[in-house]
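When we follow our numbering, the leftmost residue of the sequence shown carries the number 60, and every step to the right adds one. Even for Gly, the Cβ is constructed at its ideal location relative to N, Cα and C. Working notes, beginning with the structure itself.
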Amino acid sequence: MTARAGEPFDAARALSAVDAALSADLPATGPPADEGDPVTGEWAATRGEGFLLLPLWESAGLTGVYGREWNEAEASAEAHLAVLVSGLDARWGSHRTVSMRVPVLRRGTGVPLPEPFRTLAAKDCYGDLKAWGPLPASPSPRWVALSLNQSDGDAPFVLTALLTDRPLTEPTERQGS
């Protein structure tokens, strides 16, 4: 569960969260650290060397949801992602897709991933990244990515934003940390 559990989707709030995160300090060094919501303790963000990962929206859980109802929930989540992508495309130009194929294939193999892909994998954020950057008019170089994730068929869908001060490129099968 995330700090966004139970909140209805609000595109303006999600885009505002991305805007606020653009000016956030990103750690120059150090291991990733989760931040919990002060009230619920649920996951609110993860900061690591040069990046910030945060949930923007979380669907209801899908335990016992099947067939048409599950497909509708997935279509709704994908539509939420599309609204956010469209909003950011309007600001920064067309996004590019960064595949999460390598992190998915490395799951459980013991082969290390570079950050922020290591943290994305640890958080079950395996959805391909819709990425922009380097962003114009940023005080320092920044890249932003959105993704739609689901850890298993019963789990909620989670929309996340990743902000980094390093270029987002697909990890290769040989690339490690």
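Separation of residue j from residue i, as counted between CA atoms
i	j	result
D211	Y185	11 Å
P198	A76	18 Å
Q234	E131	Because Q234 sits at a pLDDT of 47, beneath the cut-off of 50, its placement in the model cannot be relied upon, and the point is left open.
R127	G65	22 Å
V142	G167	33 Å
A42	R63	Past the boundaries of the shown model lies residue 42; the chain is included only from 60 to 236, so the question cannot be answered.
M159	V98	32 Å
A149	G100	34 Å
A136	L207	8 Å
W116	G146	16 Å
P230	R177	10 Å
Reduced DSSP category for residue i - H, G, I as helix; E, B as strand; rest coil
i	result
L113	strand
A73	helix
V203	strand
L221	strand
R106	strand
Residue i: CB within 7 Å of a non-hydrogen atom of the ligand GDP
i	result
P175	Ligands in the displayed structure: none, and consequently the ligand GDP is not present.
C-beta contact flag for residue i and residue j at 8 Å
i	j	result
A180	A80	no
T228	V157	yes
F68	H154	no
L205	K182	no
Nearest-angstrom Cβ-Cβ length linking residue i and residue j, presumed shorter than 8 Å
i	j	result
L14	L85	The structure shown has nothing for residue 14, since the chain only spans 60 to 236.
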